[in-house]
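Take full-length UniProt numbering: the final residue in the sequence shown is number 264, and no numbers are missing along the way.
Glycine included, each C-beta is placed from N, C-alpha and C at the ideal position.
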Amino acid sequence: MPNGSLDKLLYSNKKLNIDWFHRFRILRGVASGLLYLHEEWEQVVLHRDIKPGNVLLDVDLNGKLGDFGLARLHDHGSNPQTTKLVGTIGYIAPELPTTGKASTSTDVYAFGVFMLEVASGKRPMEQRGFVIDCWRRGAILDASDPKLEGSVDGVAAKHQHQCPNKCGNISISYPFGIGKHCYKNKWFEITCQNQSSNLQQVPILHAYQLKILNLSNSEVRVAYTWKFSHCYPINPGVESGMEQVIRPIYREEGVPNTFDFFTK
Numbered sequence: 001m002p003n004g005s006l007d008k009l010l011y012s013n014k015k016l017n018i019d020w021f022h023r024f025r026i027l028r029g030v031a032s033g034l035l036y037l038h039e040e041w042e043q044v045v046l047h048r049d050i051k052p053g054n055v056l057l058d059v060d061l062n063g064k065l066g067d068f069g070l071a072r073l074h075d076h077g078s079n080p081q082t083t084k085l086v087g088t089i090g091y092i093a094p095e096l097p098t099t100g101k102a103s104t105s106t107d108v109y110a111f112g113v114f115m116l117e118v119a120s121g122k123r124p125m126e127q128r129g130f131v132i133d134c135w136r137r138g139a140i141l142d143a144s145d146p147k148l149e150g151s152v153d154g155v156a157a158k159h160q161h162q163c164p165n166k167c168g169n170i171s172i173s174y175p176f177g178i179g180k181h182c183y184k185n186k187w188f189e190i191t192c193q194n195q196s197s198n199l200q201q202v203p204i205l206h207a208y209q210l211k212i213l214n215l216s217n218s219e220v221r222v223a224y225t226w227k228f229s230h231c232y233p234i235n236p237g238v239e240s241g242m243e244q245v246i247r248p249i250y251r252e253e254g255v256p257n258t259f260d261f262f263t264k
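What follows is the structure, encoded as structure tokens:
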């Protein structure tokens with residue numbers, strides 16, 4: 001594969017960095033491959049050695065699960081006949097040294113360790129104590145790889161635990177956010193303003209100055225607080241006081257995320 005194995009990129013001494021967009025895509029690709037091996041092929045395939053060194057990267061940094069030297073097959077609905085302990089220390093499920101019986105669950109355990117490694121940039125033995133401490137402090141995002149500070153999504157994710165999560169009676173969740181680094185990009189920035197009538201705080205979709213009535217990751221219900229004229233024809237049929245549902249469009253990195261209503 002053009003870009004070699006994932007561990008070479010994660011731990012290279014060269015000034016290489018994989019941003020969160022590509023890391024997440026790699027995780028998604030390996031998860032998809034594992035689902036196929038466990039449930040969608042004609043037999044169940046137990047990989048038994050999931051780790052960054054066995055994930056190969058193509059020219060676009062898509063992750064492909066490889067090295068099936070330790071893999072075992074069994075029929076769907078039957079029990080795997082494995083009694084020998086194999087794998088890599090740090091990725092082996094805690095029950096395996098006792099039972100020696102690999103299963104889809106032990107593969108999933110290894111995949112969980114793999115996910116933590118990709119997100120934290122730390123090998124399994126280095127994660128011990130550190131990740132648990134972050135979790136106990138309620139600051140699990142502090143366990144993320146410092147190299148992710150170089151990507152917009154990485155910075156935003158890093159600061160989510162410090163961001164306001166409510167304005168008035170509306171809950172605010174990423175990719176929307178209030179404050180620097182708390183939103184994905186300018187289209188998702190929200191300002192919390194006081195209504196002059198009763199001083200109640202209301203969230204405003206900052207880029208368009210639209211009052212938010214209801215908010216989720218899939219749709220936003222807004223009220224128009226202004227009138228459109230013929231010289232500002234975003235939607236000439238909309239008048240002040242009307243409500244409209246707009247839906248976020250999530251696109252590949254590098255293309256600004258926006259809303260379907262404003263792209264028609």
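Self-check item: Beta-carbon proximity of His47 to Ala31, cut-off 7 Å
Solution: no
Quiz prompt | Same chain only: Cβ atoms within 6 Å of Phe188, ignoring 5 sequence neighbours per side | solution = Pro175 and Phe176
Exercise. Could you tell me whether the region 103-110 touches the region 40-58, using the rule of 3 or more Cβ pairs below 8 Å?
Key: yes
Quiz item: Based on the DSSP output, what are the partners of Ile246 in its beta bridges?
Solution: Val220
Exercise. May I ask you to list the residues that DSSP assigns as paired with Gly168?
Key: Note: Gly168 sits in no beta bridge, so no partner.
Practice problem: Enumerate in chain order the residues of its own chain whose CB-to-CB distance from Val118 is below 8 Å, with the five nearest sequence positions on each side excluded. | Solution: Leu6, Leu10, Arg23, Ile26, Leu27 and Pro52
Practice problem: Have a look at Lys101 and Gly66 and give me their C-alpha separation to the nearest angstrom. | Solution: 22 Å
Quiz item: Looking only at its own chain, which residues have a Cβ that is under 6 Å from the Cβ of Thr191, when we skip the five neighbours before and after it?
Solution: Ile204 and His206
Quiz item: Around the Cβ of Val59, are there at least 16 other Cβ atoms within 10 angstroms (buried) or fewer (exposed)?
Solution: exposed
Quiz item: Do you know how far the Cα of Lys166 is from the Cα of Val245?
Solution: 20 Å
Self-check item: Cα-Cα separation between Ser120 and Ala143, rounded to whole angstroms
Solution: 6 Å
Quiz item: Residue range of the beta strand (DSSP E) that Cys192 falls in?
Solution: Ile190 to Asn194
Self-check item: Proximal residues to Pro146 (C-beta, below 8 Å), its chain only, five neighbours per side dropped
Solution: Gly121
Exercise. Have a look at Glu243, Asp75 and Pro80 and flag the residue whose alpha-carbon is nearest the alpha-carbon of Leu213.
Key: Glu243
Quiz prompt | Residue burial classification, Phe114 (beta-carbon count within 10 angstroms, cutoff 16) | solution = buried
Quiz item: Quick one: Cα of Leu73 to Cα of Gln81, how far?
Solution: 9 Å
Practice problem: Measure the alpha-carbon distance for Ala93 versus Thr83 and round it to whole angstroms. | Solution: 14 Å
Quiz prompt | Proximity winner among Asp133, Gly90 and Ile170, relative to Pro124 (alpha-carbon distances) | solution = Gly90
Quiz item: Considering Pro203, what are the terminal residues of the beta strand (DSSP E) in which it resides?
Solution: Gln201 to Leu205
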